[in-house]
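K.L.:
The following block contains the structure, expressed as structure tokens.
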Amino acid sequence: MKPLAERLFNMIEEQGWKGSIVSISHLAELRNAIIGRYEDGLIEKTLYRKQLGFFSFDPPSDLSGANSIIVVAIPTPQMRIVFNWQGNRIPVIVPPIYISYTPRTEYVQALLAKWLRHEGYSISKPRLPLKTLAVCSGLAEYGRNNICYVPGMGSFIQLVAVLSDLPCDTDPWREPKQLDRCQTCVACIRHCPTAAITKDRFLLYAERCLTYHNESANDFPDWINPLWHHCLIGCMRCQTACSENSEVKNWYKDRAEFSEQETGLFIKGVPPDQLPDETYAKMKSLEINEDYRLLCRNLSLIIEQGRSKS
Ligand code: B12
Ligand code: SF4
Ligand code: SF4
44 MKPLAERLFN MIEEQGWKGS IVSISHLAEL RNAIIGRYED GLIEKTLYRK QLGFFSFDPP
104 SDLSGANSII VVAIPTPQMR IVFNWQGNRI PVIVPPIYIS YTPRTEYVQA LLAKWLRHEG
164 YSISKPRLPL KTLAVCSGLA EYGRNNICYV PGMGSFIQLV AVLSDLPCDT DPWREPKQLD
224 RCQTCVACIR HCPTAAITKD RFLLYAERCL TYHNESANDF PDWINPLWHH CLIGCMRCQT
284 ACSENSEVKN WYKDRAEFSE QETGLFIKGV PPDQLPDETY AKMKSLEINE DYRLLCRNLS
344 LIIEQGRSKS
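So for the sequence shown, this note's numbering puts the first residue at 44; every next one is plus one.
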């Protein structure tokens, strides 16, 4: 009989995913990678509070004898949604992971829980920095854009983790590693509209990242040029510019099309409960975690750009 961890990773690979397992003793290093940098003043205060404050680096209280952290990368395409407006069909991209983010996480965690339960083990759901975990577990490597890449999947992945009492016999933990390709490349620096990626340090200036701002309901700072927005949410510039993504960068799933009338309702910001039933159902079926009003605002910006170009 093959060792348990090997059988677990066979099951993960049968799903088309890739995974790794490290000892739970590395919670301290994960803490230091984030909180250490924050305490050294390298992470901006507001961004830390809003985006990173939810992490927990303590052993789980709902799982005694936790031994390991399992991390999985799931290949995830971009989604394309078509909006009809003033006689034009306008395809708008939703970057990988935004659509069905929570159901995908829950599905992966439930499958791991079921498989492990059958073998006599349990899981707990962590709140950990998943890129640091994926890279230090050997599953992924960092690009200069601070996004992580898995061989054969590029950066078009969603990361999911669980804590488990499954023993971790071989521990592949390592120091963070950068893609070799970055040694001779600066494409993401050149294509990043906001100068969030720089040569002066590896750590992203995340407070400048367009995604940080268009995921927020706050007004945009003055220095953001509205023409920079090109996705319904988030930004794809540093991922599509990257040669490491050449195999996946044209991977889209067409998800929905909204008529001229429906698009008009979104642009006006008509509240979800006042949308026609069919439009509401279509919008809900997208399973985008983000706030509806925020998506309407971002869509208006993209449509407005089309107008200013024509
Ligand atoms: C907070 C957050 C954000 C914030 C802040 C991003 C940031 N860089 O911190 C904002 C809103 C800006 C954001 C944006 C995006 N995000 Co986000 N985000 C997260 C979240 C919740 C935490 C990320 C985190 O740990 N940040 C803290 C910083 C300090 O860690 P870090 O970025 O890994 O930085 C490390 C390196 O810089 C390293 N380092 C420092 N110096 C050096 C030097 C060398 C040589 C090396 C090798 C390393 C190294 O040390 C740091 C700590 O380990 C995770 C989900 C999760 N639970 O982990 C998703 C997550 C990271 N996001 C994700 C995605 C997809 C995105 C976007 C691509 C969305 C989009 N635009 O479409 C962008 C990418 C922007 C970018 N270039 O990073 C995915 C990443 C998938 C992937 N392929 O990597 C995640 C993992 C969600 C998921 N479940 O899959 N995100
Ligand atoms: S674009 Fe170039 S520098 Fe940036 S992550 Fe990709 S390979 Fe590295
Ligand atoms: S997601 Fe966009 S704004 Fe953020 S680092 Fe990448 S290119 Fe720059």
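For every residue, glycine included, the Cβ atom is placed at its ideal position computed from N, Cα and C.
Can you tell me whether Ala230 is buried or exposed? The criterion is at least 16 other CB atoms within 10 Å of its CB, across all chains shown.
P.N.:
buried
K.L.:
Just how far apart, CA to CA, sit Ser353 and Thr306?
P.N.:
Bear in mind that a pLDDT of 47 at Ser353, under 50, signals an unreliable position, so the model cannot answer this.
K.L.:
So, under 8 Å CB-CB, Pro172 and Ala324 are touching, yes? Tell me the CB distance rounded to an integer number of Å.
P.N.:
Between Ala324 and Pro172 the Cβ distance is about 36 Å, and since that is not below 8 Å, they are no contact.
K.L.:
Are the Cβ atoms of Leu51 and Trp158 separated by less than 8 Å?
P.N.:
yes
K.L.:
Which runs of the beta strand (DSSP E), 3 residues or longer, sit entirely within the region 51-95?
P.N.:
61-66
K.L.:
Roughly how many angstroms separate the alpha carbons of Asp320 and Gly163, rounded to a whole number?
P.N.:
46 Å
K.L.:
Given this structure, state the Cα-to-Cα distance separating Asn341 from Tyr150, to the nearest angstrom.
P.N.:
29 Å
K.L.:
For Ala376, which option in Trp216, Ala284 and Cys252 has the closest C-alpha, if you only look at C-alpha atoms?
P.N.:
Because the chain is modelled from 44 through 353, residue 376 falls outside the range shown and cannot be assessed.
K.L.:
Who pairs with Ser107 in a beta bridge, going by DSSP?
P.N.:
Note: Ser107 sits in no beta bridge, so no partner.
K.L.:
Kindly examine ligand 2 and report whether one of its heavy atoms sits closer than 7 Å to the Cβ of Cys211.
P.N.:
no
K.L.:
Can you tell me the Cβ-Cβ gap for Ala109 and Trp60, rounded? I've got them flagged as a contact below 8 Å.
P.N.:
About 22 Å; that fails the 8 Å criterion.
K.L.:
Is Ser286 close to ligand 2? I mean its beta-carbon at under 7 Å from any heavy atom of the ligand.
P.N.:
yes
K.L.:
Report yes if the C-beta distance between Met196 and Pro102 is below 8 Å; otherwise report no.
P.N.:
Their beta carbons are not under 8 Å apart, which means Met196 does not touch Pro102 by this criterion.
K.L.:
Let me check you understand the geometry: is the CB of Arg187 closer than 7 Å to at least one non-hydrogen atom of ligand 2?
P.N.:
yes
K.L.:
Taking 8 Å as the threshold (C-beta atoms), are Val205 and Gln152 in contact?
P.N.:
yes
K.L.:
Using a threshold of 7 Å, is the CB atom of Ser198 nearer than that to any non-hydrogen atom of ligand 1?
P.N.:
Answer for Ser198: yes, Cβ within range of ligand 1.
K.L.:
Rounded to whole angstroms, what's the CA-CA distance from Arg147 to Ile124? Just pull it up for me.
P.N.:
19 Å
K.L.:
Would the beta-carbon of Lys230 be found less than 7 Å away from any heavy atom of ligand 3?
P.N.:
One detail in the question is off: residue 230 reads as Ala in this sequence, not Lys. No; taking the cut-off as 7 Å, the Cβ of Ala230 has no heavy atom of ligand 3 nearer than that.
K.L.:
Please report the straight-line C-alpha distance between Cys191 and Phe263, rounded to a whole angstrom.
P.N.:
27 Å
K.L.:
Starting from Ala284, follow its DSSP beta bridges and name the residues at the other end.
P.N.:
For Ala284, no pairing in a beta bridge is given by DSSP.
K.L.:
For Gln304, does the count of other Cβ atoms within 10 angstroms reach 16, so buried, or fall short, so exposed?
P.N.:
exposed
K.L.:
Need the endpoints of the alpha helix (DSSP H) that Tyr144 sits in, please.
P.N.:
Tyr144 to His161
K.L.:
With DSSP as the reference, label Arg336 as helix, strand or coil.
P.N.:
Looking at Arg336 - three-state DSSP - the assignment turns out to be helix.
K.L.:
Within 10 Å of its beta-carbon, does Pro139 have 16 or more other beta-carbons around it, so buried, or fewer, so exposed?
P.N.:
buried
K.L.:
Could you tell me if the beta carbon of Met279 falls within a distance shorter than 7 Å of some heavy atom in ligand 1?
P.N.:
yes
K.L.:
Mind reading off the beta-carbon distance from Tyr211 to Ser63? Whole number of angstroms is fine, and I expect it under 8 Å.
P.N.:
Reading the sequence as shown, one finds Cys at residue 211 and not Tyr. Not a contact, Cβ separation roughly 10 Å.
K.L.:
Would you decide whether Ala183 is buried or exposed? Buried here means 16 or more other CB atoms lie within 10 Å of its CB.
P.N.:
buried
K.L.:
Taking only runs that begin and end inside the region 152-229, name each unbroken beta strand (DSSP E) of 3 or more residues, in chain order.
P.N.:
200-207
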